[in-house]
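Right, here's the structure in full:
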């Protein structure tokens, strides 16, 4: 019998701690599939961030460095400069990358570090219990915006994929979603492109993945999944914002 | 004939880093240490190394964390306000058991303070400046030659004990020029870095981390770190004892202040006062035993610092029970560096 579907070898055969309906598991799988496809598992160094994604080393069968909150792109810079032949990626959430780590991501991108940054945007701080994130939508209620995010007081959500695309050092920037099979297939394509940039030594690649957080949104998994495709994708448009080599 | 150079203390640090095999430097400009990044920005690219002027001291220390995690020798340098920013990363490096050298050409504070010589970062350096109850190796050079030699030692101790090491100096030793013998890197018995992340290949996954959530894991990890600190105290204390054998009064001082104290002691000796200098070279581990043994004989100690009293606490914890410990210090700032005559007067008063 022919095997047509299997676990990527870069993923460990373990259960995750992610909540039902969370998209981290799907995004982990897409990352692992891309690692497998380029055959780089053995020379990959992953940089974990602080938040729900901190247990990267528990799920990926690769070498991992754990970075302080927000500093993953700076840590990855040090790793990559010391080991230019390794494949280096960070995996960061929205609080980590778009709030406390804004300086680090902007400057790593602007230097054109030859790394890949995976940015998971679920519009909230998941690990700490659903506080307002820099990507929380206007009007969205969280545990620290109980009356809804107020644009005049809290600002509007940051569109990181578009923002980083402005920088000369960025070779590739895209936003994907994994809320339905069509989007997952497209996301897989974009992950491959993002990884190819680094495999070919062509510069900084950034991929933002919209993700559901049913637990902290106070929704069931189906409603949360739907929110990604409607409310979130309305504001955070899916697409490729930079693709310097037309991959 | 041994080659002798005439260089600044900060340049000596940069030269020693290169001699020690460091090829990766990450930093951010701040007075009075900018000669270090300037020197390395010129020299490292010629050696196939990497120099990054980062966006902040926070980014610099995290680049150091990343590079060190791969097993290479790497360094950052800054001055007090910048070192405060690095404390987060230093805590993570201590927790992740990562080597790495941090140079603090400290300046006066608090806040922006000033750029003058200062010893007010002693507590921050030796007591664990960030969160979590850790220590790092702290070395205190008092000459350009020691800036060179102790920088090389910092790399070795960091690698041997798998922890960050700091060279703590100030503008007196950093900015002045003195003759330097650029010694070769000393032979050292260094452990394999089999913990470094370099890509797992066909082997087992390696993880560099400071998060330990399992029942009992973090306690065990902290006991492991504690044992390293005890081992450092037992094996690595370094100090200079100058004219202490017959002394009736010991002056204790480190770094720049020890130079001034040494002049004052020579002046006191000319007056017939039997005074000696005990100068800690390792501030962590603090040479407790040296102070205990010296004060078994000499019952009076005068601690001199360029602050209002920090190392004096460690001296008091170390001396014999019947020893008297006095303190003289001035907060750092323009014009507060004590003169030899001023310290001589203190010696006379406490003799």
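Residue numbers (our numbering), protein chains in the order written: chain F, 3 to 249; chain U, 35 to 385. Ideal placement from N, C-alpha and C gives every residue a C-beta, glycine not left out.
Is the stretch 229 to 244 of chain U in contact with the stretch 39 to 48 of chain F, if contact means three or more CB pairs nearer than 8 Å? yes
Report the option in 228/F, 43/F, 112/F whose CA atom is closest to the CA atom of residue 175/F. Indexing the first chain from 1 puts residue 175/F at position 173. The closest CA to that of residue 175/F, considering only 228/F, 43/F, 112/F, is found on 112/F.
Can you check DSSP and say which residues form a bridge with residue 273/U? Working through the second chain from its first residue, we reach residue 273/U at position 239. Answer is 314/U, bridged to residue 273/U.
Roughly how many angstroms separate the alpha carbons of residue 129/F and residue 203/F, rounded to a whole number? Counting from 1 along the first chain, the entry for residue 129/F is found at position 127. Counting from 1 along the first chain, the entry for residue 203/F is found at position 201. When rounded, the distance between both Cα atoms is 34 Å.
From residue 306/U to residue 50/U, what distance separates their C-alpha atoms? Translated into the one-based positions of the second chain, residue 306/U becomes position 272. Translated into the one-based positions of the second chain, residue 50/U becomes position 16. So the alpha carbons of these two residues sit roughly 40 Å apart.
Any residues in the stretch 25 to 57 of chain F with a beta carbon nearer than 8 Å to a beta carbon of chain U? Which ones, in chain order? Listed in sequence order: 43, 44, 45, 46, 47, 49, 50, 56.
Along the alpha helix (DSSP H) that carries residue 217/F, what are the first and last residues, could you check? Residue numbering aside, residue 217/F sits at position 215 when the first chain is read from its first letter. Unbroken alpha helix (DSSP H) run through residue 217/F: 216 to 219.
Tell me, please, whether the stretch 233 to 249 of chain U touches the stretch 326 to 334 of chain U by the rule of three or more beta-carbon pairs shorter than 8 Å. no
In this structure, does DSSP put residue 263/U in helix, strand or coil? As a working note, residue 263/U is residue 229 in the second chain. Looking at residue 263/U - three-state DSSP - the assignment turns out to be helix.
Among the candidates 175/U, 339/U, 132/U, whose CA atom is the shortest distance from the CA of residue 274/U? As a working note, residue 274/U is residue 240 in the second chain. Answer by Cα proximity: 175/U.
Closer than 9 Å to chain F by CB, residue 197/U: On the second chain, position 163 is the one that residue 197/U refers to. For residue 197/U, the answer is no, since every Cβ of chain F falls outside 9 Å of its Cβ.
Given residue 361/U, which residues of its chain have a CB within under 6 Å of its CB, disregarding the five upstream and five downstream residues? Translated into the one-based positions of the second chain, residue 361/U becomes position 327. Closer than 6 Å at Cβ, skipping near neighbours: 337, 343, 346.
Note down, in chain order, every chain F residue with its Cβ under 9 Å from the Cβ of residue 91/U. Indexing the second chain from 1 puts residue 91/U at position 57. What residue 91/U touches in chain F: nothing, since even the nearest Cβ is about 11 Å away.
Return helix, strand or coil for residue 161/U, following the three-state DSSP convention. Indexing the second chain from 1 puts residue 161/U at position 127. Coil.
Which same chain residues end up closer than 6 Å to residue 246/F when comparing Cβ atoms and leaving out the 5 residues on each side of it in sequence? Locating residue 246/F in the first chain gives position 244, counting from the first residue. Closer than 6 Å at the Cβ level, and outside the excluded window around residue 246/F, lie 173.
For residue 3/U, which three-state DSSP category applies? A question about residue 3/U goes unanswered here, because the residues of chain U that appear run from 35 up to 385.
Pull up the DSSP beta-bridge partners for residue 242/U, would you. Residue numbering aside, residue 242/U sits at position 208 when the second chain is read from its first letter. Bridge partners of residue 242/U: 67/F.
Roughly how many angstroms separate the alpha carbons of residue 325/U and residue 310/U, rounded to a whole number? The residue labelled residue 325/U in the question sits at position 291 within the second chain. The residue labelled residue 310/U in the question sits at position 276 within the second chain. Approximately 12 Å between the Cα atoms of the pair.
Chain U residues whose Cβ lies nearer than 9 Å to that of residue 109/F: Taking the first residue of the first chain as 1, we reach residue 109/F at position 107. Under a criterion of Cβ atoms nearer than 9 Å, the residues of chain U adjacent to residue 109/F are, in order, 88, 89, 90, 93.
Check whether the stretch 125 to 142 of chain F touches the stretch 214 to 222 of chain F, counting contact only when three or more Cβ pairs, one atom from each stretch, lie closer than 8 Å. yes
For chain F, is any of its Cβ atoms less than 9 Å away from the one on residue 18/U? Nothing can be reported for residue 18/U, as the shown portion of chain U is limited to 35 through 385.
Just by C-beta distance, which residues in the stretch 73 to 89 of chain F are closer than 7 Å to chain U? 73, 76, 77, 78, 79, 80, 81, 83, 84, 85, 88
Please state whether the Cβ-Cβ distance between residue 238/F and residue 167/F is less than 9 Å. Within the first chain, the letter at position 236 stands for residue 238/F. Within the first chain, the letter at position 165 stands for residue 167/F. No, the Cβ-Cβ distance between residue 238/F and residue 167/F is not below 9 Å.
So, is the C-beta of residue 232/U closer than 9 Å to a C-beta in chain F? Residue mapping note: residue 232/U aligns to position 198 of the second chain, counting from 1. It does; some Cβ of chain F falls within 9 Å.
Identify, in the order they occur along the chain, each residue of the same chain with its Cβ nearer than 6 Å to the Cβ of residue 61/U, setting aside the five sequence neighbours on each side. Residue mapping note: residue 61/U aligns to position 27 of the second chain, counting from 1. Only 71, 94, 110, 111 meet the Cβ criterion.
Please return the same chain residues whose Cβ sits closer than 6 Å to the Cβ of residue 222/U, not counting the five positions on each side in sequence. Taking the second chain and counting its residues from 1, one reaches residue 222/U at position 188. Only 190 meet the Cβ criterion.
Interface flag, residue 349/U vs chain F, CB-CB below 9 Å: Counting from one through the second chain, the residue named residue 349/U turns up at place 315. It does not: the Cβ of residue 349/U has no partner Cβ on chain F nearer than 9 Å.
How would you list, in chain order, the residues of chain U whose beta-carbon sits under 8 Å from the beta-carbon of residue 59/F? If you number the first chain from 1, residue 59/F lands on position 57. Within 8 Å Cβ-Cβ: 239, 241, 243.
Leaving out the 5 sequence neighbours to the left and right, which residues in its chain are closer than 6 Å to residue 47/U when beta-carbon positions are compared? For the purposes of this step, residue 47/U is identified with residue 13 of the second chain, where counting begins at 1. Closer than 6 Å at Cβ, skipping near neighbours: 70, 137, 181, 185.
DSSP three-state assignment for residue 355/U, whether helix, strand or coil: Along the second chain, one-based indexing puts residue 355/U at 321. Coil.
What did DSSP end up calling residue 82/U once you bin it into helix, strand or coil? Counting from 1 along the second chain, the entry for residue 82/U is found at position 48. Note: residue 82/U maps to coil in three-state DSSP.
In angstroms with no decimal places, state the Cα-to-Cα distance between residue 158/F and residue 13/F. Residue 158/F sits at position 156 when you count from the first residue of the first chain. Residue 13/F sits at position 11 when you count from the first residue of the first chain. When rounded, the distance between both Cα atoms is 36 Å.
With a threshold of 9 Å between beta carbons, is residue 179/F in contact with chain U? By 1-based counting over the first chain, the position of residue 179/F is 177. Chain U, which has no Cβ nearer than 9 Å to the Cβ of residue 179/F, makes this no.
Quick test of your reading: residue 169/U and residue 125/U, contact by CB under 8 Å. State the CB separation rounded to the nearest angstrom. Taking the second chain and counting its residues from 1, the one referred to as residue 169/U is at position 135. Taking the second chain and counting its residues from 1, the one referred to as residue 125/U is at position 91. Actually they do not touch by this definition, with Cβ atoms about 11 Å apart.
Closest residue to residue 292/U among 352/U, 119/U, 100/U, 339/U (Cα-Cα distance): Locating residue 292/U in the second chain gives position 258, where the first residue counts as 1. With distances taken between Cα atoms, residue 292/U lies closest to 339/U.
Quick test of your reading: residue 79/F and residue 101/F, contact by CB under 8 Å. State the CB separation rounded to the nearest angstrom. If you number the first chain from 1, residue 79/F lands on position 77. If you number the first chain from 1, residue 101/F lands on position 99. Actually they are not in contact, since the Cβ atoms of residue 79/F and residue 101/F sit about 19 Å apart, beyond 8 Å.
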